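Worksheet: the structure to be examined is printed underneath.
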Amino acid sequence: MTNNDHPVLVVTNLDDPTADFVIAELHDRGVPVVRFDSGDFPATLSCSAAIGGTDSWRGSVQTPSRRAELGAVRSVYYRRPSGFAFPHLDRQDERFAVAQARYGLGGILTSLPGCLYVNHPNRIGDAEYKPAGLAAAAAVGFTVPPTLITNVPHDARAFIKEHGTVIFKSISVPLYLVDGKARTVPVTEVTVDEIDDSVTGTMHLFQQCVHKVADVRVTVIGDQIFAVRIDSGLLDWRTDYNTHTYTPLAAPPTVERSMRAYLKHFGLVFGAFDFALTDSGEWIFIECNPSGQWAWMEPPTGLPMTAALADLLEGGIRGQ
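Using this note's numbering, you'd call the opening residue of the sequence shown number 1 and step up by one each time.
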């Protein structure tokens, strides 16, 4: 079996421009790619896998136009697939079918032999817990802003009184549809007067606002680090990309060491780190997204992030 017989699996939703760039780069290199959304199962995605004795998985996953032998996959680029859904079933049967798909197909895709995961779905799941990320960040030496996660209004008010300017941010990042377009929940300042009994309804994250001069997005791809300063003048730079100015810069050695330790802690080979940059030059940890976006920064900076991702996926485990 030649290296060209070892495909890269790209598992993501249909509307993923970042994955599109990487797939185009791999195609130009002659690297075979099989792309699918796990949410396409079972309508246009099928899988059959067998295991026994001391052998690993044998079988394949198949789309209308592509087929990948499970034992030959060199790497998996796991991005943002949609969830399993069986709308034609009643609620109880759908719940059963979703569980079988998640732990059946999902379990196979997380245990492929001899391939590199960017990133492994289970490690992504671990790292997406924001409290776990904050704890890991503090443990590896990052400076973390004072943060409170609570559903107790009294504690929220006390935190705001103690720390002055405080922001509210979502603990997870669900997308809301506004006029048919996906929107994230923006980071907003919150005052004592805004805290009422509705806080008891679920967990909320409050954090002391960092007085910053700019933001920094650092994309770590394998051994390569791409740091970009983002000047926007906004509390949450994600709310208006038209205001941005991008400047490549080098991460301080201490920050680089902490990023490596953070990724090792979660078993990740890719991470999109966000920092607030203070006027004294300190990098304050905000978060790390194990499936973060990066492609929009490549044209204005010239940083070869697509090539770096393609290098990682093309090499995989087999090519190393």
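For every residue, glycine included, the Cβ atom is placed at its ideal position computed from N, Cα and C. Being a predicted model, the structure only gives us computed values, none of them experimental.
If you draw a 10 Å sphere on the C-beta of W283, you find 16 or more other C-beta atoms in it, and that means buried. In the three-state DSSP reduction, N122 falls in the helix class (H, G or I). If you check the CB distance, A68 and P121 do not come in under 9 angstroms.
Note on the segment 130 to 212: whole beta strand (DSSP E) runs with a minimum of 3 residues are 147 to 150, 166 to 169, 176 to 178, 181 to 183, 188 to 190, 204 to 208, in chain order. Looking from the CA of S75, the closest CA among Q100, T110, P300 belongs to T110. Nearest in C-alpha terms to R123, of all of Q207, S232, Y262, is Y262.
Leaving aside the five residues that flank Q207 on each side, the residues in its chain whose CB is nearer than 6 angstroms to its CB run, in chain order, P145, T147, I167.
According to the DSSP assignment, I108 belongs to the alpha helix (DSSP H) that extends over 91 to 109. Less than 9 angstroms separates the beta-carbon of D274 from that of E287. Note that the C-beta distance between V61 and G83 is not below 9 angstroms. Where V22 is concerned, the enclosing alpha helix (DSSP H) starts and stops at 17 to 28. Under the 8 angstroms Cβ criterion, the segment 292 to 304 counts as touching the segment 238 to 251, having at least three qualifying pairs. Exclusion of the five residues before and after G39 leaves N13, P81, S82, G83, F84, A85 as the residues of its chain whose Cβ lies within less than 8 angstroms of its Cβ. Between V140 and Y77, the C-beta spacing is not below 9 angstroms.
Taking one beta carbon from each stretch, the segment 306 to 316 and the segment 19 to 27 have 3 or more pairs nearer than 8 angstroms; the two touch.
For P299, the enclosing alpha helix (DSSP H) stretches over residues 298 to 301.
Residue state for S48 is assigned as strand, using DSSP reduced to three classes. W283 sits in a strand when the DSSP states are folded into three classes.
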